[in-house]
Amino acid sequence: MKTTRIREKIKKYLNDRPRNTAEILEHINSSMRHGTTSQQLGNVLSKDKDIVKVGYIKRSGILSGGYDICEWATRDWVSENCPQWVEGNPIIMSPDGSFITQIEDES
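Following my numbering, the numbering of the sequence shown begins with 65 at its first residue and continues without gaps.
So, in structure tokens, the structure goes:
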């Protein structure tokens with residue numbers, strides 16, 4: 065039951081734009097009484113068919129150096145805002161705030 069509530073809360077949070085894993089974890093832990101762990105959150109995000117990974121952002125840590133964090137969006141958001149998106153390709157935000165997709169060359 066807890067996982068179902070987490071799934072619904074994530075989907076509602078991702079309705080307006082893609083978010084990274086750290087933002088989602090912060091939102092869940094600040095808005096739910098018992099929150100979740102990063103391990104459980106990762107499982108929910110990767111296994112839910114309505115949520116897709118749309119890219120990565122770079123994070124830099126003092127001790128650990130740099131690392132990537134996944135960006136997530138709902139399938140509904142992607143189909144409305146980036147209809148030409150192909151699963152597996154990242155969605156990139158341009159400086160003017162519009163979203164573009166990276167199309168692979170067929171050469």
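The C-beta atom is built at its ideal place from N, Cα and C for all residues, glycine as well.
Opposite residue i in the DSSP bridges: which residues?
| i | result |
| --- | --- |
| W136 | R83 and K117 |
| R39 | As displayed, the chain neither begins before 65 nor continues past 171, which places residue 39 out of reach and without an answer. |
Check for me: the alpha helix (DSSP H) holding residue i runs from which residue to which?
| i | result |
| --- | --- |
| L109 | S102 to K111 |
What is the DSSP secondary structure of residue i, counted as helix, strand or coil?
| i | result |
| --- | --- |
| R69 | helix |
| S128 | coil |
| W149 | coil |
| L78 | coil |
| H91 | helix |
Does the Cβ of residue i have 16 or more other Cβ atoms within 10 Å, making it buried, or fewer, making it exposed?
| i | result |
| --- | --- |
| E135 | buried |
| T85 | buried |
| L105 | buried |
| I155 | buried |
| G125 | exposed |
| L127 | exposed |
| V142 | buried |
| G119 | buried |
| P82 | buried |
| S171 | Residue placement at S171 is poorly supported in this model, since its pLDDT is 43, which falls under 50; the coordinates still yield a value, given next. Classification of S171: exposed, given that the 10 Å Cβ count is below 16. |
| T67 | exposed |
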